[in-house]
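Protein chains in written order, with this note's numbering: chain C, 22 to 136; chain A, 3 to 115. Quick reminder that beta carbons are idealized off the backbone N, C-alpha and C, glycines included. Predicted model only: the values in this text are computed from it and were never measured. Read the structure below first, then the notes.
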């Protein structure tokens with residue numbers, strides 16, 4: 022069975038600083054995708070960034086980047102130049118090729134950006 | 003416009019009531035999902051429909067009954083719920099391709115009294 026673990030229930034960061042959210046996962050699959058989703062108070066889950074497991078290069082999207090370490094099954098999210106609008110719940114998610122439509126989510130990290 | 007619209011936004015119901023949650027997607031996607039989000043728990047997949055056929059059902063109690071009349075609409079029919087069913091219910095859709103992310107609606111906050 023696939024599991025996703027986010028060990029930081031809550032985090033805070035000063036505006037304009039950098040913060041890293043951690044995520045680890047457990048799987049026996051070799052081909053899979055990893056995602057970070059953001060859920061602001063509006064409740065809509067928004068895709069932040071995704072990583073294909075077969076790619077060694079870490080994905081980046083503007084201020085968001087990941088540190089993907091396949092051997093360690095670690096997939097952390099780094100947010101640079103934090104902004105007030107980054108305040109939200111962040112969920113790490115895993116999807117493997119064989120299961121196709123099955124996504125596995127972590128319990129989330131609540132991030133607060135402090136002015 | 004989120005692309006995935008859920009109604010109602012909030013719902014309070016008694017344990018003997020029957021209600022339905024509605025989800026509509028305008029993205030041309032082939033797969034639709036119901037997730038249950040409870041505090042401090044991972045999102046729990048309830049049902050998956052692909053091309054209007056149910057392909058996943060994670061042992062959800064029969065008091066939850068999904069319906070997918072076409073690829074754009076998804077319903078979750080609720081009856082005789084329990085207080086522990088109170089949660090945020092999220093609908094999502096995807097193109098159905100292997101590397102496609104989920105697109106979520108704003109959720110329905112359900113309170114069972």
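For residue 106(A), a Cβ of chain C is located within less than 8 Å of the residue's own Cβ. The beta carbon of residue 60(A) sits closer than 7 Å to those of 47 and 48, all from its chain and outside the five residues before and after it, given in chain order. In the DSSP assignment, the residues bridged to residue 93(A) are 36(A). Contact note: residue 56(C) reaches chain A through 103, using a C-beta cutoff of 7 Å and chain order. Identification of chain A residues near residue 127(C) by a Cβ-Cβ cut-off of 8 Å yields 44, ordered along the chain. DSSP places residue 18(A) outside any beta strand (DSSP E), giving it a letter other than H or E. Shown here for residue 114(A): same chain residues with a beta carbon closer than 7 Å to its own, the five before and five after excluded, namely 15, 17, 83, 84, 85, 87 and 88 in chain order.
Chain C has no Cβ within less than 8 Å of the Cβ of residue 16(A). Under the Cβ distance rule, residue 73(C) counts among the residues neighbouring chain A, one pair being separated by less than 8 Å. Only exposed fits residue 62(C), as fewer than 16 other CB atoms lie within 10 angstroms of its CB. Under the three-state reduction of DSSP output, residue 85(A) falls in the helix class.
Beta-bridge partners of residue 75(A) (DSSP): 26(A) and 72(A). The C-beta of residue 38(A) has 16 or more other C-beta atoms within 10 Å across all chains shown, which makes the residue buried. DSSP, read as helix, strand or coil, puts residue 102(C) in coil.
Annotated as distal: residue 29(C) and residue 113(C), with beta-carbon spacing of 8 Å or more.
Within the region 23-47 of chain C, the residues whose Cβ lies closer than 8 Å to some Cβ of chain A are 25 and 30, listed in chain order.
When the beta-carbon positions are compared, residue 24(C) and residue 46(C) come within less than 8 Å of each other.
If you draw a straight line from the Cα of residue 89(C) to the Cα of residue 96(A), it is about 24 Å long. For residue 109(C), the uninterrupted beta strand (DSSP E) segment begins and ends at 109-117. Between residue 103(C) and residue 41(C), the CB-CB gap reaches or exceeds 8 Å. Proximity of residue 109(A) to chain C, defined by a Cβ-Cβ separation below 8 Å, is satisfied.
Within chain C, no residue has its CB atom less than 9 Å from the CB of residue 23(A), the nearest being about 14 Å off.
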